[in-house]
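First comes the structure, then the notes that go with it.
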Amino acid sequence: MIEEDILASDAFQNELVGMAEEIRAQLPPEIRDTFGVDEVSFREALTRMERDGAESVMARLKPAGQGG
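The working numbering puts the first residue of the sequence shown at 47, with every later residue one more than the last.
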């Protein structure tokens, strides 16, 4: 649900890119490549981060005692 409804939405993607660009601009130049060295790697890094974030959210939403 999160991946289909939220992560794929244009509004979410636009907000995510805007926030990441803002954060990247504030980083010292020597570590800005954390978000990728070009547009393709920048988008790939964001995709990894959004999936990791979605997994974290889902893990927190599981009732206590449920594995998975």
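Just so it is clear, CB atoms sit at the ideal spot from N, CA and C, and this is done for glycine as well. Bear in mind the structure is a predicted one, so any value in this text is a computation, not a measurement.
Worksheet item: Just curious, the alpha helix (DSSP H) that D56 is in, first and last residue?
Response: D56 to Q72
Practice prompt. For I52, I'd like the list of residues in its chain whose CB is within less than 7 Å of its CB, leaving aside the five on either flank, ordered along the chain.
Written response: F58
Fill in: Proximal residues to R78 (C-beta, below 7 Å), its chain only, five neighbours per side dropped
R70
Worksheet entry | 6 Å CB neighbourhood of R89 in its chain, flanking five on each side removed | none
Worksheet item: Which residues mark the beginning and the end of the alpha helix (DSSP H) in which R106 is found?
Response: E85 to L107
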